[in-house]
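Read through the structure below, which is laid out as structure tokens, and then see the notes.
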Amino acid sequence: MPERGTLGEEIFRIFCQRVASDELPNDVSGRESRDVCAGTASPDAAPTPRLRAMAENRDRLVAALDQTLPEPLEDDLDHFMLQLVPFYDPPAEQLPTQTRALADLLTKLEEDDEAVGALERLSTRVGYRPLRLALGVTRPALAYPRIVELTETALTTIDEGGAAGEEWDDLLRAISLELATSEASEPEDGASTLELTRQLLFTTRAEFAGDGGSRYMVVRDGRGIVVPASDDGSVPAPFVDMDGDGLADVDPLGRFVGRAGLVEVPAPFAVLGEGDVLRGTAGRALRADRTPIFAYRDVNQTLLAGVTREAPPLLDPEEPALLDMAYGLPVLLGPEGMREEVLGRGVTVRYPGYDTSSGPLFDLVWGTGALLTEEETDDVLALVDQLLEENEHELAGLIDSGLFGDAVADATPDASIPPDSELWDDLIQVVQWMADEPGLLEAVLRALADPRSRRLGTVYAEMMRFRDEVGFDPADLNRPMRDQVWTDPVDPAAPDTADNTSLFQRSISVIHDLDGVRYCNKDGARLRMRLLGLNITYPLVGGSFDECELLEIENVVDAYSQSIIGRYELEIKDGFLNVLLDVGSSLGIDPDRVLEESSGIDGLTRTPTPEALNRMIFTREGNEFLEELFDPIPSRDGVPIEERHDPILFAWERSFRFCGDELVAPDAPCAEPEEVSFYEAMSPLLEAFDSFDRRREGRFLFGRLVTALHTHWPSEGAEMTQDADPSAPFFAHHDDARSYEPILAALFGDCDWMPAGGAGGRRCDPERGGQLIKRLQEASAVLDG
36 MPERGTLGEE
46 IFRIFCQRVA
56 SDELPNDVSG
66 RESRDVCAGT
76 ASPDAAPTPR
86 LRAMAENRDR
96 LVAALDQTLP
106 EPLEDDLDHF
116 MLQLVPFYDP
126 PAEQLPTQTR
136 ALADLLTKLE
146 EDDEAVGALE
156 RLSTRVGYRP
166 LRLALGVTRP
176 ALAYPRIVEL
186 TETALTTIDE
196 GGAAGEEWDD
206 LLRAISLELA
216 TSEASEPEDG
226 ASTLELTRQL
236 LFTTRAEFAG
246 DGGSRYMVVR
256 DGRGIVVPAS
266 DDGSVPAPFV
276 DMDGDGLADV
286 DPLGRFVGRA
296 GLVEVPAPFA
306 VLGEGDVLRG
316 TAGRALRADR
326 TPIFAYRDVN
336 QTLLAGVTRE
346 APPLLDPEEP
356 ALLDMAYGLP
366 VLLGPEGMRE
376 EVLGRGVTVR
386 YPGYDTSSGP
396 LFDLVWGTGA
406 LLTEEETDDV
416 LALVDQLLEE
426 NEHELAGLID
436 SGLFGDAVAD
446 ATPDASIPPD
456 SELWDDLIQV
466 VQWMADEPGL
476 LEAVLRALAD
486 PRSRRLGTVY
496 AEMMRFRDEV
506 GFDPADLNRP
516 MRDQVWTDPV
526 DPAAPDTADN
536 TSLFQRSISV
546 IHDLDGVRYC
556 NKDGARLRMR
566 LLGLNITYPL
576 VGGSFDECEL
586 LEIENVVDAY
596 SQSIIGRYEL
606 EIKDGFLNVL
616 LDVGSSLGID
626 PDRVLEESSG
636 IDGLTRTPTP
646 EALNRMIFTR
656 EGNEFLEELF
666 DPIPSRDGVP
676 IEERHDPILF
686 AWERSFRFCG
696 DELVAPDAPC
706 AEPEEVSFYE
716 AMSPLLEAFD
726 SFDRRREGRF
736 LFGRLVTALH
746 THWPSEGAEM
756 TQDADPSAPF
766 FAHHDDARSY
776 EPILAALFGD
786 CDWMPAGGAG
796 GRRCDPERGG
806 QLIKRLQEAS
816 AVLDG
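Numbers given in the numbering used here equal positions in the sequence shown, counted from 1, plus 35.
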């Protein structure tokens with residue numbers, strides 16, 4: 036009985052004897068091969084060429100086996116081998132069946148010249164990866180501490196009787212059919228999807244780099260051959276490109292060739308026994324001038340590496356965001372049902388799946404693909420690149436606002452609109468109209484960059500938070516209501532009744548009611564003017580004006596918006612009156628001053644201010660000038676505005692005083708206060724609409740945008756609207772978009788209110804504001820600059 040050797044020696048001996056029994060069937064005792072297999076005879080003593088080849092490589096194989104399976108692992112290996120014994124049991128003989136199938140596969144590969152040629156070409160690609168990465172993904176996979184649990188779970192799932200056993204078998208059959216009947220496809224023009232994906236994932240930037248230094252990978256061309264390095268992308272000497280395809284020429288085995296035959300170059304990375312080769316960082320092959328022979332890429336700086344480093348939080352078992360997102364995939368993929376697919380050469384397979392023809396995810400993919408073909412996409416991507424590279428602070432601010440809003444939304448679970456709400460459809464329709472107006476969308480974006488828009492978020496936020504009664508000062512009609520302070524918060528848990536409706540909701544309601552309303556002088560109107568201390572009635576000699584004969588406002592909201600930005604001019608249609616005004620002007624009589632004195636309203640001139648229009652609308656009663664000239668201004672449903680709405684327009688006159696990002700009282704001390712009015716904050720946006728909206732089909736798009744919001748803002752308990760009959764007055768969908776007011780107010784505002792010192796004290800804390808609009812303004816200003 037020979038002395039037992041190492042585990043590697045014993046494995047070699049047994050394997051050698053098995054080969055010998057096949058090679059020498061008449062040597063029943065094994066006498067001719069015994070010494071060779073035991074390693075006590077030289078390779079020359081081997082009776083067959085195959086045994087001689089094995090004997091010549093015995094020492095290498097034994098050393099590799101002993102290093103792979105060291106002595107401390109022998110007990111575990113023994114246990115493993117015993118666990119394999121049941122796989123030999125008849126009738127299934129699972130392991131022998133698999134080894135025979137593997138042998139059949141190898142035989143077929145051996146008989147296939149193309150397959151053998153491919154393997155030969157692969158065999159010449161020596162040193163394409165660093166030695167430490169030779170095992171590829173196998174090493175980290177085996178090092179995973181729960182690899183056993185993972186493997187058992189996976190195998191149990193796909194095994195016969197497992198949760199996905201049948202599906203796994205179907206998948207294997209489908210793959211088998213595809214592979215058995217696959218044919219080489221014709222090359223596509225341009226880069227393939229795979230090539231583009233590869234280019235994207237291996238894009239390198241220093242910003243993608245993580246810790247741990249550089250990790251180099253050699254660059255390969257479309258043939259899988261390493262690319263020689265050059266500054267201009269050409270093929271450098273001693274490599275050649277005789278066929279002009281832009282790639283270094285190779286022989287049928289994939290070895291580089293030059294003008295005089297094979298080009299002797301070292302492997303891209305170090306290999307065992309290579310001799311004296313000049314190498315640099317990470318084992319890269321170098322020329323004599325210490326420049327790399329081949330092109331290398333630092334994979335630590337690739338997009339793939341960056342994304343991989345950011346992925347772990349998405350896979351956190353406590354909060355598996357990626358898995359949670361996957362739960363919604365069935366809805367996005369389309370209705371479930373039995374599907375049919377033709378595989379291979381006409382084999383029809385039925386399987387449960389999704390109707391992708393109606394899956395919204397594929398509409399999104401198609402739409403994204405269509406956008407990518409647009410010329411402007413390059414500009415958008417360049418803009419995103421600039422944001423990420425040069426304006427990280429501004430971008431981080433926007434992201435922080437988004438996360439802030441998400442947290443507020445999580446804390447406001449009652450905010451919701453019905454799944455079948457058409458709010459987004461109506462908003463998208465308005466955006467489509469805006470996109471059809473050349474320059475309008477760009478102008479709206481530029482409006483955000485205007486410094487005047489900086490505090491618009493807080494203005495909106497305050498209007499969404501509070502429901503205070505507002506109006507004019509009866510003791511001083513012309514006093515601007517800039518010093519008003521709002522303190523009565525909306526109760527979001529109660530319906531939007533007349534006394535529980537936010538200033539914002541009341542504002543968009545009145546804008547909706549006035550949008551498209553034509554307002555003229557009344558039938559029988561007379562113009563009472565005070566001129567040179569005298570009261571004069573026009574027409575001078577009896578008579579009166581027919582409706583719209585003297586003054587006409589085609590769209591009240593449009594005119595009001597223009598008055599905010601100082602562009603509205605009240606057109607007097609009577610020619611003779613215009614002559615009188617011109618004559619008076621030449622005599623030093625200011626016609627605008629005449630109108631102000633006659634009406635008693637400051638700013639009610641031929642270019643009226645919004646404050647003057649507020650008083651014209653809500654103080655007509657008792658004003659002889661206005662009563663003689665106008666009937667009460669109606670809403671779009673014919674009801675006088677004064678009867679349907681409180682004087683909400685006066686809320687827009689408020690001046691907001693900031694000390695830093697903190698909103699403070701009008702008289703609060705501050706070293707560098709900032710005063711902003713609603714009109715000032717809204718001006719850039721209204722200027723954009725006024726300049727680029729062509730008012731096609733009589734629609735004013737800002738008004739339509741507000742209408743889209745108003746029509747879905749009320750709740751089920753709303754008192755100002757009805758949702759039963761779309762053709763009846765005061766219709767609105769009671770979708771309860773108002774339930775989002777607390778979220779939007781927190782997200783838009785530069786600060787939020789909290790109790791502070793003393794009875795009834797409060798402070799608007801900037802730490803509690805999402806500041807989204809301000810940060811949008813800052814980011815837009817940087818990009819627009």
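For each residue, glycine too, the CB sits at the ideal point set by N, CA and C.
Mind checking residue i: buried by the 16 CB within 10 Å criterion, or exposed?
| i | result |
| --- | --- |
| M36 | Unreliable placement is indicated for M36, whose pLDDT of 49 sits below 50; the coordinate value is still reported in the next sentence. Answer is exposed; the Cβ neighbour count stays below 16. |
| P682 | buried |
| I636 | buried |
| P352 | exposed |
| W687 | buried |
| N613 | exposed |
| F693 | buried |
| S726 | exposed |
| W748 | buried |
| R93 | buried |
| M143 | The sequence shown places Lys at residue 143, rather than the Met named in the question. K143 is exposed by the Cβ-count criterion. |
| Q464 | exposed |
| N570 | exposed |
| M277 | exposed |
Where DSSP assigns a beta bridge to residue i, which residues make up the other side?
| i | result |
| --- | --- |
| E722 | Note: E722 sits in no beta bridge, so no partner. |
| D787 | D800 |
| F501 | P524 |
| T239 | T337 |
| V285 | F291 |
| R385 | E375 |
| R563 | T572 |
Could one say the Cβ of residue i lies closer than 7 Å to chain C's Cβ atoms, at least one of them?
| i | result |
| --- | --- |
| Q52 | Considering every chain present, this structure includes no chain C. It has just one protein chain. |
Got a sec? Which residues, its chain only, sit under 6 Å from residue i by beta carbon, not counting five neighbours each side?
| i | result |
| --- | --- |
| G559 | S579 |
| A496 | A780, F783 and G784 |
| T191 | G197 |
| V262 | V254, D256 and A330 |
| I46 | L100 |
| A244 | N335 and Q336 |
| G369 | Y389, D390, T391, S393 and G394 |
Hey, could you find the ends of the alpha helix (DSSP H) residue i is sitting in?
| i | result |
| --- | --- |
| C694 | First-last for C694: S690 to C694, but that is the beta strand (DSSP E), not the alpha helix (DSSP H). |
| T412 | E411 to E425 |
| D593 | V591 to I599 |
| Q757 | Per DSSP, Q757 belongs to no alpha helix (DSSP H) and is neither H nor E. |
| T173 | T173 to A178 |
| K608 | Taken as a continuous stretch (DSSP letters only), K608 belongs to no alpha helix (DSSP H), as it is neither H nor E. |
| I463 | L458 to D471 |
Which residue marks the beginning of the beta strand (DSSP E) containing residue i, and which one marks its end?
| i | result |
| --- | --- |
| G372 | E371 to L378 |
| N570 | L569 to Y573 |
| E709 | P708 to S712 |
| M252 | Y251 to V253 |
| D333 | Y331 to D333 |
| E697 | E697 to V699 |
Which same chain residues, not among the five before or five after residue i, have their C-beta less than 8 Å away from its C-beta?
| i | result |
| --- | --- |
| S211 | none |
| A814 | L422, N426, E429, L430, G432 and L433 |
Could you pull out every residue in the same chain whose Cβ sits closer than 7 Å to the Cβ of residue i, ignoring the five residues on either side in sequence?
| i | result |
| --- | --- |
| S598 | P643, T644, P645 and L648 |
| T654 | F507 and L512 |
| T835 | Missing from the structure shown is residue 835; the chain here goes from 36 to 820 and no further. |
| R87 | P78 and A81 |
| T742 | H547 and D550 |
(request) Evaluate contact between the segment 726–744 and the segment 493–512, counting only Cβ atoms and requiring at least three cross-stretch pairs below 8 Å. (result) no
(request) Say whether the segment 261–275 touches the segment 361–381, bearing in mind that this needs 3 or more beta-carbon pairs closer than 8 Å, one atom from each stretch. (result) no
(message) Within 8 Å, do at least three Cβ pairs link the segment 754–772 to the segment 472–492?
(response) no
(request) Give a yes or no on contact between the segment 109–117 and the segment 56–67, applying the rule of three or more CB pairs nearer than 8 Å. (result) no
(message) Below 8 Å, how does it come out for the segment 299–307 and the segment 153–171: are there three or more Cβ pairs, yes or no?
(response) yes
(message) For the structure I just gave you, are there three or more beta carbon pairs, one from the segment 391–408 and one from the segment 215–235, closer than 8 Å?
(response) no
(message) Quick test of the definition: if touching needs 3 or more C-beta pairs under 8 Å, does the segment 445–455 touch the segment 709–721?
(response) no
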